[in-house]
Amino acid sequence: MNIIHKAKDTLAGNAGFQQTDTADLRGRTVLVTGGTLGIGFEVAKAFAESRARVLLLSRKVEHGDDAVSQIKKLVSEGADVHFVECDLGNLATVKQVADKIDREEDRLDIVVADAGVGVNAFALSSDGIDRHFAVNHLGHFLLINRLLPLIRSTSKMPSTPPPRIVSIASELHRQAPSSTRFAIKDEVMEQGSADMSGLTLYARTKLANILFTKFTLVERAIRPSGDRIYALATHPGAVHTGQQDQFKEAYGQLFGQLLKAVTVPFMRNPEQGSLSTLWAATSDGVEKNGWQGCYFTDPGQLGKESNQAHDAQLGENLHNLSEQLVREKLGPDGLLPWH
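Quick look at the structure:
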């Protein structure tokens, strides 16, 4: 099992990029899922420091209230930061929350899809879907679909940089099983998931994050519509966050604790882990170089995805399966047109 990828102080690409280099976001609105802890919190804090209006989406209210309070204390000037309760594992809730944001917000410039289940034991979401797949991919699939009209309207505002949608993936997408097809729903229900390890379940969803970026957002939504929107995926590095506590649930108390003790000293801290995503969300280099649908492993460092992550058929299968699952749970109006 290969969990450690880089020493914690090794940053390739634009190695000098720091949180304080995040572009001035005054007047812009950003949304961060999983923005109350770990990498998501660091991303949200940097956005707030850059004067953006920040929406934090997370499942637990207590985490949300604490994160808002911490950011307001840490940011040098008054922070415009707000918590929005949302369980990405419940499709009906995701639709309700997304539609409320669409009604109430005037604009949406950046979406960072960070929320996720880590390397953890198999469990089902409230919709009866593998919880890794439901939270890490399907909830974001629906959330971004319902928010696309607001993102598109933002892209047409005068003197506005192109909005960006950044999905936090992982180099662990390489560990997705070769048998992955995303062809039938049994694959992501109990029948096809219950016997998988926590690492395999997680890796499969990180592959889905990259495929979603390339083949749903770029090829089905942005390019056919001629949108001034960039969709990107990032790898934060091996980062020490609260997700390492999930090793105990995935592998048992003894081995899980041992695995955490062995891996954590070699990991980046959450601030370092936030840098590739902050760079992808704000750097003018993305637009200058036309880096549409790209995957970054560090600030300015293009990644080399696995063959599966380049597989257009796999991307089409994932899209069709995702649409099928959403419509089965929410009805024919559960999704908006992608273009």
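Quick note: the sequence shown uses the numbering used here, first residue 5, plus one each step.
Note that CB positions come from ideal geometry on N, CA and C, so glycine has one too.
Nothing here was measured: the structure is a model prediction, and the numbers come from that model.
Opposing strand residues paired with residue i [DSSP bridges]
i      : result
Ser171 : Ala117, Ala237
Tyr299 : Ala237
Asp134 : Leu128
Val85  : Val58
Thr209 : Bridge partners of Thr209: none, in fact.
Thr37  : Leu61, Ala117
Gln1   : Within the shown structure, residues of the chain are numbered from 5 to 343, placing residue 1 beyond reach of any answer.
Beta-carbon proximity list for residue i, same chain, < 8 Å, skipping 5 on both sides
i      : result
Pro341 : none
Ala222 : One point to set straight first is that residue 222 is Val, not Ala, in the sequence displayed. Counting only Cβ-Cβ distances below 8 Å, and skipping sequence neighbours, we find Ala235, Gln296, Gly297.
Ala187 : Asn321, Leu325
Thr204 : Gln179, Ala180, Pro181
Arg331 : Gly338, Leu339
Three-state secondary structure assigned by DSSP to residue i
i      : result
Val330 : helix
Val79  : coil
Leu325 : helix
Gly31  : coil
Gln248 : Caution is warranted here: a pLDDT of 41 is assigned to Gln248, below 50, making its placement in the model unreliable, and the coordinate value is therefore given only provisionally. Helix.
Val243 : strand
Gln22  : coil
Asn140 : helix
Gly202 : helix
Gly319 : helix
Pro336 : coil
Gly68  : helix
Leu221 : helix
Trp283 : helix
Gly93  : coil
Asp190 : helix
Thr158 : helix
Glu109 : coil
Arg185 : coil
Cβ-Cβ separation, residue j to residue i (assumed contact under 8 Å), whole Å
i      : j      : result
Leu92  : His144 : 7 Å
Ser54  : Leu29  : 4 Å
His343 : Arg224 : 6 Å
Arg185 : Asn94  : That pair is no contact at about 26 Å.
Ile105 : Leu142 : Not a contact, Cβ separation roughly 18 Å.
Glu46  : Pro274 : 5 Å
Asp134 : Ser197 : 4 Å
Leu339 : Ala96  : Incorrect: roughly 13 Å between the Cβ atoms, too far for contact.
Leu306 : Lys189 : 33 Å between Cβ atoms; not a contact.
CB contact flag (residue i, residue j, <8 Å)
i      : j      : result
Gly20  : Gly120 : no
Ala316 : Phe219 : yes
Thr281 : Pro240 : yes
Leu147 : Val98  : yes
Asn213 : Ala173 : yes
Val192 : Val116 : no
Leu154 : Leu112 : yes
Pro83  : Thr40  : Note that residue 83 is Ala in the sequence shown here, rather than Pro. No, these two residues do not count as a Cβ contact at 8 Å.
Arg107 : Cys90  : no
Ser278 : Ala50  : yes
Arg232 : Ser163 : no
Gly44  : Asp118 : yes
Tyr206 : Val139 : no
Glu309 : Tyr299 : yes
Glu109 : Thr301 : no
Ala52  : Ile75  : yes
Same chain only: Cβ atoms within 7 Å of residue i, ignoring 5 sequence neighbours per side
i      : result
Met200 : Phe126
Gln312 : Ala180, Thr184, Leu211, Leu318
Glu327 : Leu339
Glu194 : Leu128
Thr217 : Ser171, Ala235, Leu236, Ala237, Gly297
Leu215 : Ala313, Leu318, Gly319, Leu322
Gly68  : Thr40, Leu60, Ser62, Phe87, Glu89
Neighbourhood of residue i by C-beta distance below 6 Å, restricted to the same chain and skipping five residues each side
i      : result
Leu59  : Leu35, His86, Val88
Ala48  : Val36, Gly39, Val58, Leu60
Gln23  : Ala50
Pro167 : Asp113, Ile155, Thr158, Ser159, Ile233
Asn149 : Leu339, Leu340
Ser229 : His343
Arg32  : Ala56, Asp113
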